[in-house]
Amino acid sequence: MTLFAATRVLGTEPEIFPPITTSLKPAASLWLLGILLFTLFPALLHANQSIAIRELQSQWGTGWQAPMSMDLPEEWMRVGTEGDGRPVFIQSETLKLDLQKKILSFQMRINSIDYLAGIELRFASDKSFESYFSIPIPLYTVKSFNLLQADAWHTFSFGLGNAKMTGEPKSDAIRYLGIYLQDNALAPLVFDFTDIKVTSAQMPAMLSYTFDDGYDDHMLAAKIMARYGQAGTAYIIPQTIGKTGYLTEVQLKEMQRLGWGISSHHATPFVDFDALTLKTEIESVLQTLEQGGFSNSMRHLAYPLGQQNRTYVQAMTRTAFDTARIAGGGMETLPPGDRWLLRTYNVMHDTSIEDLRREVRLAKANNQWLILMFHYLAEKPANDLEFSEAQFVELVEMIDKEEIEVKPVHEVYNLIREHSID
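Residues 1 to 422, numbered by the numbering used here, are exactly what the sequence shown covers, in order.
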């Protein structure tokens, strides 16, 4: 679908901006009360600094209203759509920003995602936005797939590795930041955000191979990667160990010897359990992996089917695990905005080596963390989740030649802790 194809400017005729297209289906609609112009200090060009949200100024598509909630931070932004499907635009005009090897982070909250059609950030050197970097926040019809959940603050972090380029924007001379919000014309919503920061990416680029479910063909992946001194993370469903088509405990021990992290997974989405049952299931997963000798990497989770929620699933995950990976979202930052919502690049049967080479180079150029997600390796892929064995060999060789640092998830987490930047 096309998002933000038409704009509404206060006091003028409608103006057409370049359309944004996405293959994702809309998840919700948005009514947000107000709009602010936020100011970045010129010193931000060469230093880490928070961005002060100062002046309330309407751009187009909305007005503003002071927040009634007492739980908002001192500096905040609140914006709104009118529930008619027309987009809202927030713009800063006082930037002096170099986005190269930088992390943009902010906290965001929305009162519902049922009617949200799209949110996108754009960065440009001139006010026309003819050339710009754009970063869309992914939205899915299944609510539990989304990073953004209703009525909860979420920390987002992005680098230029997450951005798409239109025209020829200059990453070292950003002057304007625009935020586009759009509802699906069914209802209005309220949206707040705060704590906007731009910081230097302090760690070198990292790449992590991750394999879900513990299928026996992952042993082949481990052997191929071992030729190049590479190791990955295997997210294991404990109940399947040793069953037909799955890795045995002996194979898991061999993968661990090769440097792999043997980490936590489950056959059932956590959102399908009530809170008490989920607590028991998590304890069972960790107990099995600990008894198997995998305690050094067991506290890293792949959400089953990538699904989670902000009510009880994330609360329990944050207590039991050091990281948790979702099933999409693209490239991650170092450090992540939220290590219990690690984003990943889903490698499918039709993912090309050139697609992956581009992602690797973007990660290297922007000091970001590329987490690759695999399910099956197959000689002749027959479904979307199978990746060709021959292509996998080619991929491992390419990654070796690109000289990006390859580490399992638990080792990247340990490095983040050592850098004291979590």
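Here a beta-carbon is modelled for each residue, glycine too, at the ideal position from N, C-alpha and C.
> What separation, rounded to the nearest whole angstrom, lies between the Cα atoms of D212 and P269?
Replying inline: As a first step, residue 212 is located in the sequence shown; it is residue number 212 there, counting from the start. As a first step, residue 269 is located in the sequence shown; it is residue number 269 there, counting from the start. Their Cα atoms are separated by approximately 13 Å.
> Where R357 and T233 are concerned, what is the direct C-alpha to C-alpha distance, given to the nearest angstrom?
Replying inline: One-based indexing of the sequence shown puts residue 357 at position 357. One-based indexing of the sequence shown puts residue 233 at position 233. Taking the straight line from one Cα to the other gives about 20 Å.
> Is DSSP giving S263 helix, strand or coil here?
Replying inline: Sequence index remark: in the sequence shown, residue 263 carries index 263 (1-based). It is a strand residue.
> By the 10 Å Cβ neighbour count, where 16 or more other Cβ atoms means buried, how is N296 classified, buried or exposed?
Replying inline: Here the question's residue 296 lines up with position 296 in the sequence shown. Per the 10 Å Cβ criterion, exposed.
>> So for F156, helix, strand or coil by DSSP?
In response: Taking the first residue of the sequence shown as position 1, residue 156 is located at position 156. Reduced to three states, the DSSP call for F156 is strand.
> Looking only at C-alpha atoms, which of T323, H375, E332 sits nearest to F387?
Replying inline: Stepping through the sequence shown from its first residue, residue 387 is reached at position 387. Closest by alpha carbon: H375.
> For chain B, is any of its Cβ atoms less than 8 Å away from the one on T155?
Replying inline: Any reference to chain B falls outside this structure, which holds one protein chain only.
> Do the CB positions of Q100 and S171 come within less than 8 Å of each other?
Replying inline: The residue labelled residue 100 in the question sits at position 100 within the sequence shown. The residue labelled residue 171 in the question sits at position 171 within the sequence shown. In this structure, S171 lies closer than 8 Å to Q100 by Cβ.
> Using the rule of at least 16 other Cβ atoms within 10 Å of the residue's Cβ for burial, across every protein chain shown, is K380 buried or exposed?
Replying inline: For the purposes of this step, residue 380 is taken as the residue at position 380 of the sequence shown. The residue in question, K380, is exposed, as its Cβ has fewer than 16 Cβ neighbours within 10 Å.
> Three-state secondary structure (DSSP) at D400?
Replying inline: Taking the sequence shown and counting its residues from 1, the one referred to as residue 400 is at position 400. Three-state result, D400: helix.
>> Cutting at 7 Å between CB atoms, please list the residues of its own chain near A226, excluding the five before and the five after it.
In response: On the sequence shown, position 226 is the one that residue 226 refers to. Sequence-distant Cβ neighbours of A226 in its own chain, meaning closer than 7 Å and more than five residues away, are L258.
> Given a threshold of 16 other Cβ atoms within 10 Å of its Cβ, counted over all protein chains shown, does K223 qualify as buried or as exposed?
Replying inline: For the purposes of this step, residue 223 is taken as residue 223 along the sequence shown, with counting starting at 1. Exposed.
> So what's H419 in DSSP terms, helix, strand or just coil?
Replying inline: Mapped onto the sequence shown, residue 419 falls at position 419. Helix at H419.
> In its own chain, which residues sit with a C-beta less than 6 Å from the C-beta of L289, not counting the 5 before and 5 after it?
Replying inline: For this step, residue 289 is matched to residue 289 along the sequence shown. Once the five neighbours on either side are set aside, the close Cβ partners of L289 are M298.
> Going by the CB atoms, is the gap between I236 and F106 shorter than 8 Å?
Replying inline: Here residue 106 refers to the residue found at position 106 when the sequence shown is read from its first residue. Here residue 236 refers to the residue found at position 236 when the sequence shown is read from its first residue. Against a cut-off of 8 Å, the Cβ pair of I236 and F106 comes out as no contact.
> Secondary structure at T248, three-state DSSP: helix, strand or coil?
Replying inline: As a first step, residue 248 is located in the sequence shown; it is residue number 248 there, counting from the start. It is coil, neither helix nor strand.
> Quick one, are the C-beta atoms of H266 and V285 less than 8 Å apart?
Replying inline: Sequence index remark: in the sequence shown, residue 266 carries index 266 (1-based). Sequence index remark: in the sequence shown, residue 285 carries index 285 (1-based). Yes, the pair counts as a contact, with Cβ atoms nearer than the cut-off.
> Which word fits T323, buried or exposed, when buried means at least 16 other C-beta atoms lie within 10 angstroms of its C-beta?
Replying inline: Indexing the sequence shown from 1 puts residue 323 at position 323. By the neighbour-count rule (16 or more Cβ atoms within 10 Å), T323 is buried.
> Is the region 336-353 close to the region 155-175, with three or more CB pairs under 8 Å?
Replying inline: yes
> beta strand (DSSP E) containing A218: first to last residue?
Replying inline: To locate residue 218, count along the sequence shown from 1; it is residue 218. Checking the sequence shown, residue 218 turns out to be His, not Ala. It is not in any beta strand (DSSP E) - H218 instead sits in the alpha helix (DSSP H) that spans 218-226.
>> Just to confirm, is the Cβ distance from L95 to I174 under 8 Å?
In response: Counted from its first residue, the sequence shown places residue 95 at position 95. Counted from its first residue, the sequence shown places residue 174 at position 174. Closer than 8 Å, so yes.
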